Amino acid sequence: MLSWSCTNDDVTGFTIERSVDGFSFELLSRVVAEKGLAESYNYLDTDRPDHTQYYRVTSFDREGTSAHSPLAEVSAQGNAT
3 MLSWSCTNDD
13 VTGFTIERSV
23 DGFSFELLSR
33 VVAEKGLAES
43 YNYLDTDRPD
53 HTQYYRVTSF
63 DREGTSAHSP
73 LAEVSAQGNA
83 T
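In my numbering, the protein residues as written are 3 to 83.
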């Protein structure tokens, strides 16, 4: 389960991505920002392979500007670091 929060009113959405090496990412999902309604978000990866994975969330605004989160590393045993 990935969890993140955002209080920036300019953010219009997020992408959630997964990687096996921390450099090449695949898109898992897109989430629309809930302006004024939600500041906390969650994403459950139900199809996670049995080896270490890296995740990142990218926020974007109306102008197309984006910013990546720090990487979240999840080991094969399911322990996040």
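Quick reminder that beta carbons are idealized off the backbone N, C-alpha and C, glycines included. This structure is a prediction, so every number in the text was calculated from the model and none was measured.
- In the DSSP assignment, Glu75 falls within the beta strand (DSSP E) that extends over 74 to 76.
- Taking a C-beta distance under 8 angstroms as the contact criterion, Thr60 and His70 qualify as a contact pair.
- Distance from the CA atom of Ser68 to the CA atom of Phe62, rounded to whole angstroms, is 4 angstroms.
- Excluding its 5 nearest sequence neighbours in each direction, Val34 has C-beta neighbours in its own chain below 6 angstroms: Gly15, listed in chain order.
- A distance below 6 angstroms between beta-carbons, with the five flanking residues on each side excluded, links Val13 to the following residues of its chain, in chain order: Ala35, Ser61, Asp63.
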